[in-house]
Amino acid sequence: MYTEKVMDHFQHPRNVGEIENASGVGTVGNAKCGDIMRIYLDIDENQIIRDVKFKTFGCGAAVATSSMATELVKGKNVQEAMQITNKAVMEALDGLPPVKVHCSLLAEEAIHAALWDYAEKNGIKIEGLEKPKSDIHEDEEEEEY
Amino acid sequence: MGKLIYLDNAATTKTSPEVVEAMLPYFTEHYGNPSSVYGFAAANKEVITSQREIIAGVLGAKDNEIYFTAGGTESDNWALIATAEAYAAKGKHIITSKIEHHAILHTCEYLQRQGYEVTYLDVDENGLVDPKAVEAAIRPDTILISVMFANNEIGTIQPIAEIGKIAHDHGVLFHTDAVQAFAQIPINVDECNIDMLSASGHKLNGPKGIGFLYIRKGVKIRSFIHGGAQERRRRAGTENVPGIVGLGKAVELAAASMRERMERESRLRDHLISRIESEIPYCRLNGDRVKRLPNNVNFSFQFVEGESLLIMLDMKGICASSGSACTSGSLDPSHVLLAIGLPHEIAHGSLRVTLGADTTEEDLDYVVDCLKEIVAQLRKMSPLYEDFVRRQEKKNTK
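Chains as they are written, first to last, in the working numbering: chain A, 91 to 235; chain B, 8 to 405.
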């Protein structure tokens, strides 16, 4: 079902984790649909993404697209990161099954959401960046067992 | 890959070697059409009858009440659609439950489009249908009640005898989808007042593509597949002789070993359940703890997603299944898990493990060891778990 690259990124996800006091954090997706991605960016004064981490709740494709997206933005400046589309993420993974294309969209949205957070915190305007749709979950309490 | 641990026996089972051996001559030697006149072929007619007798014996039925079909799905379609047509003059109302297999639910939706009304009964948090709710749903125009014997995802065994009695007392026909239960647990069609029962060969170490529908004598049911005079003119088409022989053999073997298997599988099942519950935090057993198929274990693991879990288990050589959306082919998780009241995100994190004749305690111990590691690994990368831990910390500092 998945390409070797997808399986590789699923089995060995790059950049999993959190960044304390991150420059920007973006969380997208919806637990109801079974996918949530959170991306942390560490951006320096030259607007270069020095470090990036992610956490994902979701299927194999969701994990692999988040992992690949973090690889693609690492070391790029903010404008370059803006250019990374879901298509680029998919191509870098040698493709996704049609039912999983939404996972790559989520990865793109997660990057944008983290960049938006960074821009807001720093009073910067990033060209072409729009406020992320927030269908998240902040006050949703999971039931405990 | 190394060892394969197959724990998806509710999806399908390995065809047992005795079954394959019994079937083979019916491809190569006794290939005649049972409807032919010459002795070479006509002997196959008797072979079919003797398989019917084996199956009827297990259910406490008569052999002319067993009709061979291409499997459980066809049996369900036939039972519902042909009964609905035959009894349309009496009424157009059918009662079923929300946790039926899609072979029932999608057939009911089809009938709704044909002008029938269907009541889908709720189940409780363990997946049980309340017989009182069945009784309350019966109307003067109710023609059929269809409730599954045991659920394929969560293993819950329904109070079939009670529901059957209610149906009987109200003069309503009662069908049960027993695909998961037949030859796994005792079923007697008279004791349970069952008028129709669906079953399938490949769930009990028999071949795929063969099943049957039990139809009590006297039930008006129309032909569903039209053509020749096979199956008392009710189900046309040249009989799948090798399949029927394989099914008969599988039923014979399953019935002979049923008590011993039930005892063995229940013990293994409870071992697996107790190890998971004591060693993996934030999990929930889905389905009834007691009224449960001996081979079914279904858990939800909070903060993780089912498909990821399955792929990681697969990498360890373990075959299992999940009710997550990613494995159901839609965006919604399993309708069964939602019907027992699980929130979406917890339904997405479900895992079904179904034991079989080859399953050993050692296999299950290996599964728990892998599962502990995998769940911990997935939680480590889950934003839901991160949020949960933060909330716990906040609570503790308050």
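The beta-carbon is built from N, C-alpha and C at its ideal position, and this holds for glycine as well. Here the structure is a predicted model, which means the values were calculated and not measured.
Per-residue burial, residue i [other beta carbons within 10 Å of its own, 16 or more giving buried]
{"i": "serine 23 of chain B", "result": "buried"}
{"i": "glutamate 230 of chain A", "result": "The predicted position of glutamate 230 of chain A is uncertain, since its pLDDT is 44 and thus under 50; no value can be drawn from it."}
{"i": "histidine 227 of chain A", "result": "Because the pLDDT at histidine 227 of chain A is just 47, under 50, the model does not fix this residue reliably, and the point stays unresolved."}
{"i": "glutamine 119 of chain B", "result": "exposed"}
{"i": "glutamine 191 of chain B", "result": "buried"}
{"i": "histidine 109 of chain B", "result": "exposed"}
{"i": "glycine 253 of chain B", "result": "buried"}
{"i": "alanine 263 of chain B", "result": "exposed"}
{"i": "tyrosine 130 of chain A", "result": "buried"}
{"i": "glutamine 58 of chain B", "result": "buried"}
{"i": "asparagine 111 of chain A", "result": "exposed"}
{"i": "lysine 215 of chain A", "result": "exposed"}
{"i": "glutamate 369 of chain B", "result": "exposed"}
{"i": "tyrosine 38 of chain B", "result": "exposed"}
{"i": "proline 288 of chain B", "result": "exposed"}
{"i": "tyrosine 235 of chain A", "result": "Per-residue confidence for tyrosine 235 of chain A stands at a pLDDT of 43, beneath the threshold of 50, marking its modelled position as unreliable; the derived number appears in the next sentence. Tyrosine 235 of chain A comes out exposed."}
{"i": "alanine 143 of chain B", "result": "exposed"}
{"i": "serine 285 of chain B", "result": "exposed"}
{"i": "asparagine 16 of chain B", "result": "buried"}
{"i": "phenylalanine 189 of chain B", "result": "buried"}
{"i": "glutamate 312 of chain B", "result": "buried"}
DSSP state of residue i mapped onto helix, strand, coil
{"i": "aspartate 98 of chain A", "result": "helix"}
{"i": "valine 179 of chain B", "result": "coil"}
{"i": "methionine 305 of chain A", "result": "There is simply no residue 305 of chain A to check, as chain A begins at 91 and stops at 235 in what is shown."}
{"i": "tyrosine 235 of chain A", "result": "Annotation note: pLDDT 43 at tyrosine 235 of chain A (below 50); position unreliable, coordinate value reported separately. Of the three classes helix, strand and coil, the one that applies to tyrosine 235 of chain A here is coil, per DSSP."}
{"i": "glycine 107 of chain A", "result": "coil"}
{"i": "aspartate 229 of chain A", "result": "At aspartate 229 of chain A, the pLDDT of 42 sits below 50, so the modelled position is not reliable; the number obtained from the coordinates is stated separately. In this structure, aspartate 229 of chain A counts as coil in the three-state DSSP scheme."}
{"i": "tyrosine 33 of chain B", "result": "helix"}
{"i": "leucine 345 of chain B", "result": "helix"}
{"i": "methionine 388 of chain B", "result": "coil"}
{"i": "phenylalanine 156 of chain B", "result": "coil"}
{"i": "methionine 322 of chain B", "result": "helix"}
{"i": "isoleucine 173 of chain B", "result": "helix"}
{"i": "lysine 210 of chain B", "result": "coil"}
{"i": "tyrosine 208 of chain A", "result": "helix"}
{"i": "isoleucine 55 of chain B", "result": "helix"}
{"i": "aspartate 134 of chain A", "result": "coil"}
{"i": "valine 124 of chain B", "result": "The amino acid occupying residue 124 of chain B in the given sequence is glutamate; valine does not appear at that position. Correct three-state label for glutamate 124 of chain B: strand."}
{"i": "asparagine 120 of chain A", "result": "strand"}
{"i": "leucine 115 of chain B", "result": "Sequence inspection shows cysteine at residue 115 of chain B; the leucine mentioned does not correspond to that position. Helix at cysteine 115 of chain B."}
{"i": "histidine 202 of chain A", "result": "helix"}
{"i": "lysine 99 of chain B", "result": "coil"}
{"i": "glycine 218 of chain B", "result": "strand"}
For residue j and residue i, believed in contact at Cβ under 8 Å, the rounded distance
{"i": "serine 157 of chain A", "j": "histidine 202 of chain A", "result": "Contact flag wrong, Cβ pair sits at about 17 Å."}
{"i": "valine 374 of chain B", "j": "isoleucine 325 of chain B", "result": "6 Å"}
{"i": "isoleucine 410 of chain B", "j": "phenylalanine 219 of chain B", "result": "An answer regarding residue 410 of chain B cannot be provided, because it is not within the stretch 8 to 405 covered by chain B."}
{"i": "aspartate 202 of chain B", "j": "valine 186 of chain B", "result": "Contact flag wrong, Cβ pair sits at about 17 Å."}
{"i": "phenylalanine 306 of chain B", "j": "leucine 292 of chain B", "result": "6 Å"}
{"i": "isoleucine 347 of chain B", "j": "valine 130 of chain B", "result": "6 Å"}
{"i": "glycine 361 of chain B", "j": "leucine 14 of chain B", "result": "According to the sequence provided, residue 361 of chain B is threonine. The question's glycine does not apply to it. Threonine 361 of chain B to leucine 14 of chain B, Cβ: 6 Å. Contact."}
{"i": "lysine 145 of chain A", "j": "valine 106 of chain A", "result": "7 Å"}
{"i": "leucine 87 of chain B", "j": "threonine 56 of chain B", "result": "Contact flag wrong, Cβ pair sits at about 27 Å."}
{"i": "valine 153 of chain A", "j": "serine 104 of chain B", "result": "Incorrect: roughly 35 Å between the Cβ atoms, too far for contact."}
{"i": "isoleucine 280 of chain B", "j": "leucine 378 of chain B", "result": "Actually they do not touch by this definition, with Cβ atoms about 12 Å apart."}
{"i": "asparagine 120 of chain A", "j": "isoleucine 138 of chain A", "result": "With 8 Å as the limit, asparagine 120 of chain A and isoleucine 138 of chain A do not qualify as a contact, their Cβ atoms being about 31 Å apart."}
{"i": "isoleucine 4 of chain B", "j": "isoleucine 145 of chain B", "result": "This structure cannot speak to residue 4 of chain B, because chain B is shown only from 8 to 405."}
Under 8 Å by beta carbon: chain B residues contacting residue i
{"i": "glutamate 94 of chain A", "result": "In chain order: nothing, as chain B lies at least about 13 Å away."}
{"i": "arginine 128 of chain A", "result": "Pro390, Glu393"}
{"i": "valine 106 of chain A", "result": "Lys387, Met388"}
Contacts that residue i makes with chain B (C-beta to C-beta distance below 7 Å)
{"i": "alanine 121 of chain A", "result": "His351, Glu352, Leu391"}
{"i": "threonine 117 of chain A", "result": "Pro390"}
Neighbouring residues, chain A, relative to residue i (Cβ below 8 Å)
{"i": "methionine 322 of chain B", "result": "Gln101"}
{"i": "serine 341 of chain B", "result": "Within chain A, no residue comes near serine 341 of chain B; the closest Cβ sits about 11 Å away, beyond 8 Å."}
Interface residues of chain A facing residue i [CB-CB closer than 7 Å]
{"i": "glutamate 284 of chain B", "result": "Those within 7 Å of glutamate 284 of chain B in chain A number zero; the least Cβ separation is about 10 Å."}
{"i": "histidine 355 of chain B", "result": "Gly124"}
{"i": "phenylalanine 306 of chain B", "result": "By Cβ distance, chain A contributes nothing, its closest Cβ being about 10 Å from phenylalanine 306 of chain B, past 7 Å."}
{"i": "glutamate 312 of chain B", "result": "Gly124, Phe147, Gly148, Cys149"}
{"i": "isoleucine 318 of chain B", "result": "Phe100, Gly150"}
{"i": "serine 328 of chain B", "result": "Under the 7 Å cutoff, chain A gives no residues; its nearest Cβ is about 14 Å from serine 328 of chain B."}
Closer than 9 Å at the beta carbon, the chain A residues around residue i
{"i": "serine 331 of chain B", "result": "Gly124, Cys149"}
_Using a Cβ-Cβ cutoff of 7 Å, what residues of the stretch 167-192 of chain A are near chain B? List them in chain order._
So the list is empty, because no residue satisfies the distance condition.
_Short of 9 Å Cβ to Cβ, which residues in the stretch 134-153 of chain A face chain B?_
Listed by position, the residues of the stretch 134-153 of chain A near chain B (Cβ gap below 9 Å) are Phe144, Lys145, Thr146, Phe147, Gly148, Cys149, Gly150, Ala151, Ala152, Val153.
*Could you run through the stretch 256-282 of chain B and flag, in chain order, every residue whose CB is less than 9 Å away from some CB of chain A?*
Within the stretch 256-282 of chain B, no residue qualifies.
_Members of the stretch 81-107 of chain B near chain A, C-beta cut-off 7 Å_ = Flagged: no residues at all.
*Using Cβ-Cβ distances below 7 Å, what residues of the stretch 227-245 of chain B are close to chain A?*
Cβ contacts with chain A: none found.
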